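The structure appears below as structure tokens.
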Amino acid sequence: KRDGGNCFNFYSLESTLMWTRDRLELEKELRAAITNHELQVLFQPIVHAETHHIARMEALVRWPHSARGFLSPSEFIPLAENVGLIDQLGELVLRTSCLASYKLLKLGYSVNVSVNVSPRQLLNKNFLQTILNALHDSGLPPRLLILEITESAIVNDMERVGNILTKIRELDILIALDDFGTGYSSLTLLRELPIDIIKIDKSFVRTLDQNQNDLTIVQAIIGLGINLGLLVVAEGVETARQARILLQHHCYYQQGYYFSRPIPYQALLELINKKR
Ligand code: C2E
Ligand code: CA
Ligand code: CA
Ligand code: CA
669 KRDGGNCFNF
679 YSLESTLMWT
689 RDRLELEKEL
699 RAAITNHELQ
709 VLFQPIVHAE
719 THHIARMEAL
729 VRWPHSARGF
739 LSPSEFIPLA
749 ENVGLIDQLG
759 ELVLRTSCLA
769 SYKLLKLGYS
779 VNVSVNVSPR
789 QLLNKNFLQT
799 ILNALHDSGL
809 PPRLLILEIT
819 ESAIVNDMER
829 VGNILTKIRE
839 LDILIALDDF
849 GTGYSSLTLL
859 RELPIDIIKI
869 DKSFVRTLDQ
879 NQNDLTIVQA
889 IIGLGINLGL
899 LVVAEGVETA
909 RQARILLQHH
919 CYYQQGYYFS
929 RPIPYQALLE
939 LINKKR
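If you read the sequence shown in UniProt numbering, its first letter stands for residue 669, the second for the next number, and so on.
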């Protein structure tokens, strides 16, 4: 307490400066990583929990950073959004994902690929064309592509998002509502938007075998989805017990460490081959 009240201000100012410098450095490195194709796209299987058949896969981006190690998307997606790199990054993930699913199709495996789309990307006026190009260049039929959107992406501009999603859906591409149940207006979105799939957020799945309320909520989400004719996917399934309970409540499509972590394309292919 020697420096009194100024102490906090001094340090927070300094840490802000460091943070800014650090951020500029990171921005430069991210730009280079995108240009040099250093980002990696991993795929996490989404399985039919009864048969463990791999029906879909979610693309999850990684940044192997020489000094900082493997960076997770939560560490650089917000940065990419803020500095205008998200369109480029998103297109890279989209193209890699379409190609991966197309290669599987050529090998005789029909595995839908689910790609996360951030708000900025969705609202970009070139987004539709970017998707069309990625599909065309890869050869992937549109029906094998799923776009995952989160509620935060939408609430500010529901009408515009609705228009874009309608156009995307007319192309035969499926729309998934990610992290379902965590936002403030999940139900409004279901009513207003053309949604095909809901993904039950992993925060509900984690405690569903310990907490009766969470189980009740999950049951309600599953019932809601089924009655609306939607496909319901549970994410963050880590144990056999969670998988079994979800299955008992008619949630057949599941994703999580219990089945597989996100893995490179080649490893996924081996996994699929083994299951045949
Ligand atoms: P998300 O879309 O909700 O993705 C699921 C996250 O849960 C992933 O984290 C995945 O690795 C993790 N996960 C999978 N199974 C389990 C499990 O059993 N237990 C637990 N605890 N976690 C599990 P990740 O890969 O770190 O991605 C974090 C978020 O970053 C994603 O959340 C998504 O919102 C965003 N993201 C990832 N890739 C992209 C991308 O290419 N574009 C955009 N815009 N966002 C992305
Ligand atoms: Ca997702
Ligand atoms: Ca999610
Ligand atoms: Ca999330």
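All residues carry an ideal CB built from backbone N, CA and C; glycine is no exception.
Just so it is clear, the structure is predicted and the values come from calculations on it, not from any experiment.
> In the structure shown, what three-state DSSP assignment does residue 862 receive?
Replying inline: coil
> Could you give the distance in angstroms between the alpha-carbon of residue 742 and the alpha-carbon of residue 893?
Replying inline: 28 Å
>> So the candidates are 850, 861, 943, 884; which of them puts its Cα closest to the Cα of residue 871?
In response: Checked all of 850, 861, 943, 884; the closest Cα to residue 871 is 850.
> With respect to 7 Å, is the separation between the Cβ of residue 838 and the closest non-hydrogen atom of ligand 3 below this value?
Replying inline: no
>> Using a Cβ-Cβ cutoff of less than 8 Å, which residues in the same chain neighbour residue 725 once the five nearest sequence positions on both sides are dropped?
In response: So the qualifying residues of the chain are 711, 712, 713, 714, 768, 769, 779, 780, 781, 782, 936.
> Roughly how many angstroms lie between the CA atoms of residue 677 and residue 695, to the nearest whole one?
Replying inline: Caution is warranted here: a pLDDT of 46 is assigned to residue 677, below 50, making its placement in the model unreliable, and the coordinate value is therefore given only provisionally. Going from the Cα of residue 677 to the Cα of residue 695 covers about 26 Å.
> Can residue 926 and residue 906 be called in contact, C-beta distance under 8 Å?
Replying inline: yes
>> As an exercise, report each continuous alpha helix (DSSP H) stretch of at least 4 residues that is fully enclosed by the region 831-914, in chain order.
In response: 854-860, 870-874, 880-895
> What's the C-alpha gap between residue 815 and residue 845?
Replying inline: Approximately 9 Å, taken between the alpha carbons.
> Is it right to say residue 800 is buried, meaning 16 or more other beta carbons lie within 10 angstroms of its own, or is it exposed?
Replying inline: exposed
> Run through DSSP, which three-state label would residue 931 get?
Replying inline: It is a strand residue.
> Which two residues bound the contiguous alpha helix (DSSP H) that contains residue 736?
Replying inline: Taken as a continuous stretch (DSSP letters only), residue 736 belongs to no alpha helix (DSSP H), as it is neither H nor E.
> Taking the C-alpha atoms as reference points, what is the distance between residue 864 and residue 689?
Replying inline: 43 Å
> Looking at the unbroken beta strand (DSSP E) that takes in residue 708, where does it start and where does it end?
Replying inline: 708-716
>> Could you tell me the alpha carbon to alpha carbon distance between residue 675 and residue 771, rounded to whole angstroms?
In response: For residue 675, the predicted model reports a pLDDT of 42, less than 50, meaning its position is unreliable; a value from the coordinates is still stated below. Near 59 Å, if we compare the C-alpha coordinates of residue 771 and residue 675.
> What's the call for residue 748, buried or exposed, on a 16-neighbour Cβ count within 10 Å?
Replying inline: buried
> So, residue 942 versus residue 722, is the Cβ gap smaller than 8 Å?
Replying inline: Residue 942 is not a Cβ neighbour of residue 722, given a cutoff of 8 Å.
> If you compare alpha carbons, which of 859, 876, 774, 839 is closest to residue 897?
Replying inline: 859
>> Buried or exposed, going by whether 16 or more other CB atoms sit within 10 Å of the CB of residue 933?
In response: buried
> Using a threshold of 7 Å, is the CB atom of residue 870 nearer than that to any non-hydrogen atom of ligand 1?
Replying inline: Because some heavy atom of ligand 1 lies under 7 Å away, the Cβ of residue 870 counts as near it: yes.
> Between the beta-carbon of residue 751 and the beta-carbon of residue 729, is there less than 8 Å?
Replying inline: no
> Do you know how far the Cα of residue 797 is from the Cα of residue 838?
Replying inline: Rounded to whole angstroms, residue 838 to residue 797 spans 14 Å at the Cα level.
> Counting by C-beta, which residues lie closer than 6 Å to a heavy atom of ligand 2, in chain order?
Replying inline: 726, 784, 816, 846
> Less than 7 Å between the CB of residue 867 and some heavy atom of ligand 3, yes or no?
Replying inline: Taking 7 Å as the cut-off, the C-beta of residue 867 counts as close to a heavy atom of ligand 3.
> Buried or exposed: residue 867, going by 16 or more other Cβ atoms within 10 Å of its Cβ?
Replying inline: Label assigned to residue 867: buried.
> Are the CB atoms of residue 918 and residue 886 nearer to each other than 8 Å?
Replying inline: no
> For residue 780, which residues does DSSP report across the bridge?
Replying inline: 724
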